[in-house]
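Quick note, the sequence shown lines up with residues 0 to 263 if you use numbering that gives the first Met the number 0.
Using N, Cα and C, we set each Cβ at its ideal position, and we do this for glycine too.
In this text, all values refer to a predicted model and were calculated from it rather than measured experimentally.
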Amino acid sequence: MGDIKDIRTVTVCRYIAPLREGGSLPALAEADDDFKYVLKFRGAGHGVKALISEFLGGEIARTIGLKVPELVFANLDEAFGRTEGDEEIQDLLQGSQGLNLALHFLSGAINFDPAVTTVDEAMASKIVWLDAFITNVDRTFRNTNMLIWHRELWLIDHGASFYFHHSWNNLEKHALSPFSLIKDHVLLPQATQLLEADQQIKQLLTKEKIREIVEGLPQDWLEWRDSELSAEELREAYINFLEIRLQNSDTFIKEAQNARQALV
């Protein structure tokens with residue numbers, strides 16, 4: 000599964016194209032290792048908090064045996080983007096100097112379509128468990144955030160997870176939340192093995208592993224202007240959130256089971 004310490008740092012050398020309309024969204028870019036990446040910008044909407052969610056969500060998914068494109072730290076130097084003709088994109092690039100996050104571009108991948116591909120119950124349960132655990136609001140029928148690549152299912156886009164850090168009040172209450180939005184999860188109908196998934200995942204996602212993942216966050220992603228907490232205090236808050244949530248997983252499992260029951 001790899002180790003957090005194996006995460007590479009690349010330098011972006013070419014902006015290829017925005018992936019969706021608008022300048023504050025991801026882009027396809029090429030780095031100095033000659034690979035193409037989906038680049039997530041620290042200067043976009045939710046700033047480094049979206050990068051933190053993407054990093055933590057992706058690394059937790061990888062730890063529990065789910066497929067996620069390789070995550071790399073992506074450096075944008077000061078000169079990058081000056082020749083970009085689109086002013087909105089140029090502003091985004093200039094506002095994203097320093098360390099960003101990128102996912103390896105899966106060339107030829109197609110969007111997961113639940114009408115075409117059936118996910119087996121064990122994997123569906125694991126993915127539903129993951130998204131309830133990290134409070135990911137964005138894996139719905141409207142936007143599945145999964146790809147089929149080489150006939151395998153890959154998870155992308157965890158930037159809408161950990162939404163407690165946008166308000167940053169009453170962390171314990173958020174950690175104990177049943178996460179009612181799981182009712183909209185695209186794989187909920189197939190998630191019949193949540194208790195089995197819970198047992199398997201807890202053997203992999205230990206306290207030590209949680210700490211190792213959170214310790215992998217770059218220091219300057221945790222130096223927030225809107226917070227009086229130090230980077231180390233923020234790190235500990237993420238660790239506490241994840242540990243409390245893991246210890247009380249029965250809360251969100253029951254919520255998912257009840258929501259599934261209402262569907263089927």
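Proximity winner among the options, relative to residue i (alpha-carbon distances)
| i | options | result |
| --- | --- | --- |
| Gln199 | Thr250, Tyr36, Glu231 and Trp128 | Trp128 |
| Trp167 | Asp31, Lys48 and Leu65 | Lys48 |
| Lys39 | Ala26, Ala30, Asp249 and Phe240 | Ala26 |
| Asn110 | Arg150, Glu69 and Glu195 | Arg150 |
| Val136 | Ser160, Gln192 and Thr191 | Ser160 |
| Val115 | Tyr162, Lys125, Val185 and Glu77 | Val185 |
| Val263 | Leu100, Ala73, Thr191 and Lys172 | Thr191 |
| Arg210 | Thr62, Tyr36, Ile15 and Ala43 | Thr62 |
| Asn142 | Asn74, Asp119 and Pro113 | Pro113 |
| Arg41 | Gln93, Arg19 and Glu58 | Gln93 |
| Asp249 | Glu195, His103 and Ser95 | Glu195 |
| Ser95 | Phe140, Phe72 and His103 | Phe72 |
| Leu216 | Lys172, Ile59, Tyr36 and Ile243 | Ile59 |
| Glu235 | Asn247, Asn257, Ile212 and Gln246 | Ile212 |
| Phe104 | Glu120, Pro68, Arg224 and Arg259 | Pro68 |
| Ala16 | Ile88, Arg7 and Ala78 | Ile88 |
Which of helix, strand or coil DSSP assigns to residue i
| i | result |
| --- | --- |
| His164 | helix |
| Val118 | coil |
| Asn257 | helix |
| Tyr14 | strand |
| Trp223 | coil |
| Pro217 | coil |
| Ile109 | strand |
| Val67 | coil |
| Thr191 | coil |
| Arg19 | coil |
| Phe132 | helix |
| Leu228 | coil |
| Gly46 | helix |
| Thr205 | coil |
For residue i, the residue or residues it bridges with in DSSP
| i | result |
| --- | --- |
| Gly97 | Leu75 |
| Tyr36 | Ala28 and His103 |
| His184 | Thr139 |
| Trp153 | Leu146 |
| Gly8 | Checking the displayed sequence, the identity of residue 8 turns out to be Thr instead of Gly. DSSP output for Thr8 lists Phe72 as bridge partner(s). |
Beta carbon proximity, residue i to chain C, threshold 8 angstroms
| i | result |
| --- | --- |
| Trp167 | The question asks about chain C, but that chain is absent: this structure has only one protein chain. |
Stretch pair the stretch 174-183 + the stretch 128-137: three plus CB contacts closer than 8 angstroms: Below 8 angstroms, enough C-beta pairs join the stretch 174-183 and the stretch 128-137 to call them touching: three or more.
Do the stretch 37-56 and the stretch 155-167 meet, that is, are 3 or more Cβ pairs less than 8 angstroms apart? Yes, they touch.
So, do the stretch 220-230 and the stretch 63-83 have three or more beta carbon pairs nearer to each other than 8 angstroms? Counting Cβ pairs under 8 angstroms, fewer than three are found: no touch.
Looking at C-beta atoms only, is the number of pairs between the stretch 28-44 and the stretch 7-19 that lie closer than 8 angstroms three or more? Counting C-beta pairs closer than 8 angstroms gives three or more between the stretch 28-44 and the stretch 7-19, which meets the contact rule.
Inter-stretch contact at 8 angstroms, needing at least 3 Cβ pairs: the stretch 246-262 / the stretch 170-178: Cβ pair count under 8 angstroms is three or more, so yes.
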